[in-house]
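With the UniProt record's numbering applied, the sequence shown covers 1 to 522. Ideal placement from N, C-alpha and C gives every residue a C-beta, glycine not left out. Keep in mind the model is a prediction, meaning the values are calculated, not measured. Heads up: the structure comes next, in structure tokens.
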Amino acid sequence: MRTQVRAVNVAEMLAQTARRSPEATAVVHGQTRWTWRMLDQAADRVCAELRRRSVSRGDCVLLHGHNHPEYIQSLYGIWRAGAAVAPTNVRLTPADVAVIAGVCRPVAMIAAGGSEAHVEAVRDVTGLPGGVLWLGDDASCDTVAALPAASPEPETVYVGDHAWYFFTSGTSGSPKASILTHDQLGFVTTNHAADLMPGLSETDVSLAVAPLSHGAGVHLLPQVARGAATIIPEGPGLRPEEVWELVERERVTNMFTVPTILKMLAEDPAVDKFDHSSLRHVIYAGAPMLNADRDHALDVLGPVLVQYYGLGEVTGNITVLTPADHGRPQPPEFELGTCGRPRTGMQIAILDDAGTELGPGEIGEVCVAGPAVCTGYLRNEEATAAAFDGGWFHTGDLGAVDEHGYLYITGRASDMYISGGSNVHPRDIEEKLVAHPAVAEVAVLGMPHAKWGEIGVAVWVREPDHDTDDAGLRDWLEPRLARYKLPRQFIRWPELPKSGYGKIVKRTIRDQLFAAGWTAPD
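Here's what the structure looks like:
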């Protein structure tokens, strides 16, 4: 019988901070301020309620909500109960969330008010035997806010116990759940604090400008562990003036964002209206950032930029580009510049198709090893075996390492593109477009865009005896796709270029678009 080795429950980091600094500020949202004592007790209430509903160690709870103190309360309450959390982006459609539920099989769900259709979609998949808790103040249903006081014992967890199902996709676009464990997240928490925000402490203040359901949720972990307060904008949506006003008012010292948001913030006139001298670490990740955009942000904000490169499977823990490294000259052959050197405790290798490690300057697949790498994909042995072929985790990204150990990303092995920091897989869009009676065939490509990084462009061929226009295709897609997946442009061609095997050649489509003088829409 295998000996079980205890791990530290991620929620223990909240309890430790609450014991150290019970009356210090933990979360700010509008006029609401929660102390660490309040947040810790709130997590206890969620933990106790989940147990009352027979949620236990090893179960999954799906969390679907906007950035809010109750979201953080729920996250840590789920962990305290020993369950794994599956956070979903509120921009996803009910059908998207149902597919995710089919992978992680949640027994209960915590959902934002107004997402009844998402709840029913999940209920149709799993039955939700543990029921639903609602975020918000609707007194007609079971809400997190109305839970009674409780003092449950935190669940004991062990090395390898699942904590977070971080959903990502392969080349097919089918969602896969990267398994993040309590012990792995413990490493990630300390690594983020050490490599991204050296000296992080209870005197720091963090601003959450990206969804906590993804990378910003990982960024939250070291803030909680070290006692740094988190400020949540009220919204709705991203409002640069609100962001910069909060930076000045709360003396924000760090924030996590994505390149498109950072570019938007740095170019907005509000950046000059408010004092942002308190910022020490402005962390960006999730997509490449053009050198010109990065240089402008440096000019405006000063030497405070920190870039990291990573995937959901590695919880962002592959490289770091420090503020000092942002001033390093970039080789002209790499347009996007470097994304930094390996994180503490992590190792990178550039491998060719045969699995042979390549030398400095040679381009191959970026592979990684270390304690931040996930343990595999939930209920997907085939994908796990492919991702860990040869023992390394294969990122699917192409790149090279120079003689000083700096990594340069040169492309992606798949045709996925990144728009506004969100991964978009063309196959998902293409499958829905070809279901339209007027579409005979289609290819969706990621094309460069000054604001969003990349946008989707759908090049399509008309089915004989049927017709439609751009508006008709857009109307067809809107109820079938999350809004951020919608192509920004539709272009009709008489035929699509194909290989000798009959496969649509997207590289040729891209070349022909540029040759014809393609320009990005506003």
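Spatial neighbours of G446 in its chain, beta-carbon cut-off 6 Å, leaving aside the 5 residues before and after: Y417, E454
Cβ-based burial, T3 [other Cβ within 10 Å; buried from 16]: With fewer than 16 Cβ atoms within 10 Å of its Cβ, T3 is classed as exposed.
Close Cβ partners of P240 (< 7 Å) along its chain, the five nearest in sequence each way excluded: M264, L265, D268, A270
Alpha-carbon spacing of E431 relative to P288, whole angstroms: 27 Å
Length-filtered (3 minimum) beta strand (DSSP E) runs lying within the region 76 to 133: 84 to 88, 108 to 112
Rounded straight-line distance, which links the Cα of G370 to that of residue 523: No information on residue 523 is available, as it lies outside the stretch 1 to 522 that the chain covers here.
Per-residue DSSP class, three states only, for F187: helix
Collapsed DSSP secondary structure at Q307 in the structure displayed: Three-state result, Q307: strand.
Backbone CA spacing between L473 and L433 [nearest angstrom]: 7 Å
Sequence-distant residues of the same chain with beta carbon closer than 8 Å to A95, five excluded per side: A121, R480
Through-space distance from T395 to L63, alpha-carbon basis: 27 Å
CB of V46 within 8 Å of CB of V144, strictly: Remark: C-beta atoms of V46 and V144 approach each other more closely than 8 Å.
Reduced DSSP category for Q347 - H, G, I as helix; E, B as strand; rest coil: strand
Cβ separation of W164 and L180, assumed to be a contact under 8 Å, to the nearest whole Å: 4 Å
Inter-residue spacing [alpha-carbon to alpha-carbon] between V366 and E23: Separation of V366 and E23 (C-alpha to C-alpha, rounded to the nearest whole angstrom) is 45 Å.
Cβ pair count under 8 Å reaching 3, the region 39 to 57 against the region 193 to 211: no
As assigned by DSSP and simplified to three states, the class of S74: helix
Ranges of the beta strand (DSSP E) found wholly within the region 346 to 379, counting only runs of at least 3: 347 to 351, 364 to 369
Closest residue to Y158 among M255, V218, N9 (Cα-Cα distance): N9
V55 versus C374, H66, R80, residue with shortest Cα-Cα distance: R80
Segment contact flag, the region 105 to 114 with the region 122 to 139, C-beta cutoff 8 Å, min 3 pairs: yes
Nearest-angstrom Cβ-Cβ length linking R53 and G130, presumed shorter than 8 Å: 4 Å
Identified DSSP bridge partners for T319: Among the bridge pairs identified by DSSP, T319 is matched with Y309, P342.
Exposed unless 16 or more other CB atoms sit within 10 angstroms - verdict on G420: By the 16-neighbour rule on beta-carbons within 10 angstroms, G420 is buried.
Cβ-based burial, D389 [other Cβ within 10 Å; buried from 16]: exposed
Uninterrupted alpha helix (DSSP H) stretches inside the region 181 to 269 (no shorter than 4 residues): Those alpha helix (DSSP H) runs which fall completely within the region 181 to 269 and span 4+ residues are 182 to 191, 215 to 226, 240 to 250, 259 to 267.
Straight-line gap, T257 to D183 (C-alpha atoms, nearest Å): 25 Å
As assigned by DSSP and simplified to three states, the class of R492: strand
Contacting residues, own chain, Cβ-Cβ under 7 Å from R462 (five flanking each side not counted): A438, A440, R492
C-beta atoms of A324 and Y309 nearer than 8 Å: no
Nearest candidate by alpha-carbon position, reference A210, set P259, M346, T253, P360: P259
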